[in-house]
Amino acid sequence: MNFKLIDFTLKSLKRRLTKKLSVIFIFSLIVFLLVSVFSISSSIKKELEISVNALPEIIVQKMSGGRQTVIPVDRAYEIATIPGVQNAYDRVWGYYYFVNDNVNFTVVGLDFDLEAYKQKYSDIINLYAEATDTIDAPFMIVGSGVYKMLEDNFYKNFYNFRTVTGEMLETKIVGSFTDVSAMETNDVILMPVNYVRELFDISENYATDIVVRIPNPEEIEIIKQKLNSMFPDSRIVSRLDIEASYQNIFDYKSGLFLALLIVAFVAFFILVYDNASGLSIEDRREIGILKAVGWQVENILQIKFIEGSLISLFSFFLGTGTALFYVYILQAPILRNLFTGASNLKPTFNLIPVINFEILILIFILTVPVYILATVIPSWKSSVIDADEVMR
Amino acid sequence: MSVLLTPEVIILFIEDILLFGFNTIAFVIAYRIYKNFNLNSTSNEQYTLEKQTYLASYIIKFSLYLKIISFLFFVFTLDKLSNVIPGAMCGVGVTTASDYGIYLLIFKMLNIYLYGFWLLINNSDMKREDFPFTKIKFKYFLFIYFFFVIELILQSLYFFDINPQELVSCCGTVFNEVSTSAVGRLTQIPNIISVPLFYSLFLLLIFTALKKTVLLNGVLNFVFAIISITTLISFFGTYIYELPTHHCPFCILQSDYFYVGYLLYTLLFVGTFFGIGIAFLKYLIKIPLDYHKISIGFNTAYVVSVSFFPINYYLNNGVWL
Amino acid sequence: MIELKSVDKIYSHGEHEEIGVLKNISFSVKENEFSLLTGPSGSGKSTILSIVGGLSKPTNGEVIIDNKSIAKLPDKFSALLRREKIGFIFQKFNLINNLSAIDNITIPLIPTKISKSEIEQRAEKIMTELSIFNKRDVLVEKLSGGEQQRVAIARALVNEPKIILADEPTANLDKKLSLDFIQIIKQLKDAGKTILLASHDPLFTDLDCINNIIKIHLGEIQ
Numbered sequence: 000m001n002f003k004l005i006d007f008t009l010k011s012l013k014r015r016l017t018k019k020l021s022v023i024f025i026f027s028l029i030v031f032l033l034v035s036v037f038s039i040s041s042s043i044k045k046e047l048e049i050s051v052n053a054l055p056e057i058i059v060q061k062m063s064g065g066r067q068t069v070i071p072v073d074r075a076y077e078i079a080t081i082p083g084v085q086n087a088y089d090r091v092w093g094y095y096y097f098v099n100d101n102v103n104f105t106v107v108g109l110d111f112d113l114e115a116y117k118q119k120y121s122d123i124i125n126l127y128a129e130a131t132d133t134i135d136a137p138f139m140i141v142g143s144g145v146y147k148m149l150e151d152n153f154y155k156n157f158y159n160f161r162t163v164t165g166e167m168l169e170t171k172i173v174g175s176f177t178d179v180s181a182m183e184t185n186d187v188i189l190m191p192v193n194y195v196r197e198l199f200d201i202s203e204n205y206a207t208d209i210v211v212r213i214p215n216p217e218e219i220e221i222i223k224q225k226l227n228s229m230f231p232d233s234r235i236v237s238r239l240d241i242e243a244s245y246q247n248i249f250d251y252k253s254g255l256f257l258a259l260l261i262v263a264f265v266a267f268f269i270l271v272y273d274n275a276s277g278l279s280i281e282d283r284r285e286i287g288i289l290k291a292v293g294w295q296v297e298n299i300l301q302i303k304f305i306e307g308s309l310i311s312l313f314s315f316f317l318g319t320g321t322a323l324f325y326v327y328i329l330q331a332p333i334l335r336n337l338f339t340g341a342s343n344l345k346p347t348f349n350l351i352p353v354i355n356f357e358i359l360i361l362i363f364i365l366t367v368p369v370y371i372l373a374t375v376i377p378s379w380k381s382s383v384i385d386a387d388e389v390m391r
Numbered sequence: 000m001s002v003l004l005t006p007e008v009i010i011l012f013i014e015d016i017l018l019f020g021f022n023t024i025a026f027v028i029a030y031r032i033y034k035n036f037n038l039n040s041t042s043n044e045q046y047t048l049e050k051q052t053y054l055a056s057y058i059i060k061f062s063l064y065l066k067i068i069s070f071l072f073f074v075f076t077l078d079k080l081s082n083v084i085p086g087a088m089c090g091v092g093v094t095t096a097s098d099y100g101i102y103l104l105i106f107k108m109l110n111i112y113l114y115g116f117w118l119l120i121n122n123s124d125m126k127r128e129d130f131p132f133t134k135i136k137f138k139y140f141l142f143i144y145f146f147f148v149i150e151l152i153l154q155s156l157y158f159f160d161i162n163p164q165e166l167v168s169c170c171g172t173v174f175n176e177v178s179t180s181a182v183g184r185l186t187q188i189p190n191i192i193s194v195p196l197f198y199s200l201f202l203l204l205i206f207t208a209l210k211k212t213v214l215l216n217g218v219l220n221f222v223f224a225i226i227s228i229t230t231l232i233s234f235f236g237t238y239i240y241e242l243p244t245h246h247c248p249f250c251i252l253q254s255d256y257f258y259v260g261y262l263l264y265t266l267l268f269v270g271t272f273f274g275i276g277i278a279f280l281k282y283l284i285k286i287p288l289d290y291h292k293i294s295i296g297f298n299t300a301y302v303v304s305v306s307f308f309p310i311n312y313y314l315n316n317g318v319w320l
Numbered sequence: 000m001i002e003l004k005s006v007d008k009i010y011s012h013g014e015h016e017e018i019g020v021l022k023n024i025s026f027s028v029k030e031n032e033f034s035l036l037t038g039p040s041g042s043g044k045s046t047i048l049s050i051v052g053g054l055s056k057p058t059n060g061e062v063i064i065d066n067k068s069i070a071k072l073p074d075k076f077s078a079l080l081r082r083e084k085i086g087f088i089f090q091k092f093n094l095i096n097n098l099s100a101i102d103n104i105t106i107p108l109i110p111t112k113i114s115k116s117e118i119e120q121r122a123e124k125i126m127t128e129l130s131i132f133n134k135r136d137v138l139v140e141k142l143s144g145g146e147q148q149r150v151a152i153a154r155a156l157v158n159e160p161k162i163i164l165a166d167e168p169t170a171n172l173d174k175k176l177s178l179d180f181i182q183i184i185k186q187l188k189d190a191g192k193t194i195l196l197a198s199h200d201p202l203f204t205d206l207d208c209i210n211n212i213i214k215i216h217l218g219e220i221q
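Chains as they are written, first to last, in numbering that gives the first Met the number 0: chain A, 0 to 391; chain B, 0 to 320; chain C, 0 to 221.
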């Protein structure tokens, strides 16, 4: 490659930069959108992977008329005797509607003296053990999202829950917690199980659902089938089912984006073609001069190719850079709602920075050669301008 | 939905559709040039044709570069799809997921050779003031275009034929003793025959290149390319994997083996490309090109790098696999 | 050095309409000769220059430059010929306005294998000879007409050509600058260049350094 040609192209590009701004802008915008969308979705996938791994292998829910209802606690003992099952816990939890902000909190009942079914919750319990040991009244430990929301509504030390029977349940806020995978725990409230029963009016012998721990993943399917026949009135959900349904949502959504972007791409192709073929009188004269002083058709094609490469590489890096900044530093305002849904169920979470080079390569291959291809015909057209044009 | 429309596959198709459009333009120009090109004419038509040769050449050149990139991307995609297709652990499983897979792979490689040869003719053509090979190079392109179209059809058939729910067999079974596929059978030649054959072919290659017996050298390069790949699967590969039962041309492309496959295949491709190219051009345009040094250089580099693995293994462990 | 044999040039517009611009032009310019093409505007002088320089091709006839026939030479090689053997000075200077003087002068050598520093050395040497070195990095659009022409001359000389072709070089200059130009062209002839100059400026007709005058009228030699 001839460096003098690159040098010349840079100079010539500098002179005509304003004409190229629209193309650079749109090119960067497309790269920006692509990188953002793929980064958000891979970040969320990562987040889900973390939370799915923390999920119990199987959840047993009792169904009544197609809707979930409370499940008898003694079933947990029954399930625990199935070979292959390490443990079965009954869980008491539910959604509490927080009127002030129009959101639902997930209220989880825990026995603060026993190990919880989630390692994470056990850690939190241990962390606050000193503070909670001495309290006799209702108390709770809340996720950071909940904490912030309560604080904004001036509930600093306690909050008054309204139980199902209409009574007030004054609950002390002992502390808050955060987690790497914030998406799952942000809206969680941890409370002693007896108060949760009071709050949702669930009697001693019943629970919301039962989680089943199975150490060997190979046995999940078999145990699932067994549970299905043991409790025909129940829905048995395995971790794999949840994983698959998450996966589907994201593949579907990023597929949808890709389809939209292909449409945008066609428009982009036309724009580039148009921009590159719009030769002004000045451009034509310049190429005429170059040819008159001894430049060959190939040389003109070369500078056009270099120009295309420079513009597309520059726009690619500009788009990628701003996208990574937008997603991981600014936490992707607006766009991420498209993925997580604008629902208030999951108030806030941080996008985990995962720079996925595969995706960057993918987008590079999609955009840069396509840009240069779009300039092929216009470049050729200008390269074969007659040299004697300058004599006319 | 059973069709495999991952972003990678969509991108492959977008690029191929664009290339198809541009190659069709080149095809039309090539046909006109083949019919009407006459450097002695001063007519407007001749003048237009002369200008159009540049467009066609530019497109073909660009297609070659893009084809090389997209071939690497294709191999990468096959590897990636092995996560999606049950039973597939590397590109072999994905390739065998459809009957068209192996033909698609062959055509993709073949076309890179064909486009590359075109570029060699073009280079000799553009150096001479009377453009002696312009007609023949575009006639040759008419032929390449059909190969390109076949590749495109195979690719569509292939991706629409894959059923992500169906279990496929991967390198473990494709190249094992009971294999019945043609490629599988080639790798069944015992190492005691194929490895000495590989080395003696290499010596013959150098000999014929130095003697400049061009046609024979070209044929030998072709055979050498095939033997190289089969011995890579049956013998050398096992030393890269350090596992006597692992016969696979794809796994060496993975990060577990430091992507060494990309290096090996590139060396082999460049070496045999120039070797076959010289013979091909001598036959097609009857001019001798002196690319023997490049051919010898890259082929030697291939043989040296591929021999490194068993020798290194022997020096470290004192036994052969 | 330059030889034209029965050159015709016909421009065709569409299939049936044809305009003859040149008819049966034959002349030759020997090495280190200075020939003047004269005639009213539109007589075909510029077309002859563009054919000699390989910018356009004759419809019929033979053109020989430095023992090489170029009438049917493909564009690729006529460009090479210009780059190696011909320096062109145009009527409207044909400079790239928003590039500096030095960047304009080095243009012909950019596609060659000659190193950047050597090209710049060459250009600077010529600029010094033409006393425009102090304008080295000034944009040409900021230069005066006379300076612009010197930049154009420098560009024509940077490839060290044997042949200089000039098309109405004094058309945009006043009397004083035109006389300056004549001084430069004389020096070029003394330096051994072969010169073909097209002009209807009467200043040239009496010059003693001119070896022959070719009069063109309506595309034919008179």
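Where a beta carbon is used, it is the ideal one built from N, C-alpha and C, also for glycine. This structure is a prediction, so every number in the text was calculated from the model and none was measured.
CA nearest to the CA of residue i, picked from the options
i         : options                                       : result
Leu33(A)  : Leu323(A), Leu350(A), Arg391(A) and Lys380(A) : Leu323(A)
Phe201(B) : Gly270(B), Phe234(B), Gly171(B) and Val173(B) : Gly270(B)
Lys192(C) : Gln90(C), Ile162(C) and Pro201(C)             : Ile162(C)
Phe104(A) : Lys147(A), Lys18(A), Tyr325(A) and Phe268(A)  : Lys147(A)
Ile120(B) : Val305(B), Ile293(B), His291(B) and Ile286(B) : Ile286(B)
Ile299(A) : Asn31(C), Ile69(C) and Lys75(C)               : Lys75(C)
Asp15(B)  : Asp385(A), Leu372(A) and Gly165(A)            : Leu372(A)
Thr230(B) : Val259(B), Ile192(B), Tyr261(B) and Leu266(B) : Ile192(B)
Neighbourhood of residue i by C-beta distance below 7 Å, restricted to the same chain and skipping five residues each side
i         : result
Ser1(B)   : Reliability fails at Ser1(B), whose pLDDT of 46 lies under 50, so the model's placement of it is uncertain and the value that follows must be treated cautiously. Around Ser1(B): Asn162, Pro163 and Gln164.
Thr169(C) : Ser177, Phe180, Ser198, Asp200 and Leu202
Tyr325(A) : Ser35 and Ala331
Leu113(B) : Ile143 and Phe146
Ile149(B) : Phe106
Chain C within 9 Å of residue i, Cβ atoms only
i         : result
Tyr57(B)  : no
Leu4(A)   : yes
Met125(B) : yes
Lys19(A)  : no
Phe130(B) : yes
CB contact check: residue i to chain B, cutoff 9 Å
i         : result
Lys4(C)   : no
Leu257(A) : yes
Asp65(C)  : no
Other residues of its chain near residue i: CB distance less than 6 Å, five sequence neighbours each side excluded
i         : result
Pro243(B) : Thr237 and Leu320
Where the beta strand (DSSP E) through residue i begins and ends
i         : result
Gln60(A)  : Ile57 to Ser63
Met139(A) : Phe138 to Gly142
Leu231(B) : Looking at the DSSP string, Leu231(B) is not in any beta strand (DSSP E), and its letter there is neither H nor E.
Lys4(C)   : Ile1 to His12
9 Å Cβ cutoff, residue i in contact with chain A
i         : result
Ser1(B)   : Only weak support exists for where Ser1(B) lies, its pLDDT of 46 falling under 50; the value from the coordinates is given anyway. No, Ser1(B) does not count as interfacial toward chain A.
Asn209(B) : It is Leu, not Asn, that sits at residue 209(B) in the sequence shown. With 9 Å as the cut-off, Leu209(B) does not count as an interface residue toward chain A.
Leu151(B) : no
Pro170(C) : It should be pointed out that residue 170(C) corresponds to Ala in this sequence rather than to Pro. Judged by the 9 Å Cβ criterion, Ala170(C) is not in contact with chain A.
Span of the alpha helix (DSSP H), counted from its first residue to its last, around residue i
i         : result
Tyr290(B) : That residue, Tyr290(B), is in no alpha helix (DSSP H); it is neither H nor E in DSSP.
Leu16(A)  : Leu16 to Ala53
Beta-carbon contacts of residue i that lie in its chain and below 8 Å, excluding the five residues immediately before and after
i        : result
Val51(A) : Arg238, Ile241, Glu242 and Tyr245
Tell me which residues of the region 103-126 of chain C have at least one Cβ-Cβ distance to chain A shorter than 7 Å, keeping chain order. Within the region 103-126 of chain C, the qualifying residues are Ile106, Pro107, Ile109, Pro110 and Lys115.
Check distances from the C-beta atoms of the region 280-294 of chain A to those of chain C and list, in chain order, the residues that come in under 9 Å. Going along the region 280-294 of chain A in chain order, one finds Glu281, Arg284, Glu285, Gly287, Ile288, Leu289, Lys290, Ala291, Val292, Gly293 and Trp294 with a Cβ nearer than 9 Å to chain C.
For the region 9-42 of chain B, which residues have a CB atom closer than 8 Å to at least one CB atom of chain C, in sequence order? Cβ contacts with chain C: Leu38, Asn39 and Thr41.
Anything in the region 361-391 of chain A with a Cβ closer than 8 Å to a Cβ of chain B? List those residues in chain order, please. Here the close residues are Leu361, Ile364, Leu365, Pro368, Val369, Ile371, Leu372, Val375, Ile376, Ser378, Trp379, Ser382 and Val383.
Would you list, in chain order, the members of the region 291-315 of chain A that have their beta-carbon closer than 9 Å to a beta-carbon of chain B? Of all residues in the region 291-315 of chain A, Val296, Glu297, Leu300 and Phe304 have a Cβ within less than 9 Å of some Cβ in chain B.
Chain B contacts from the region 14-28 of chain C (Cβ-Cβ distance under 8 Å): So nothing in the stretch comes that close.
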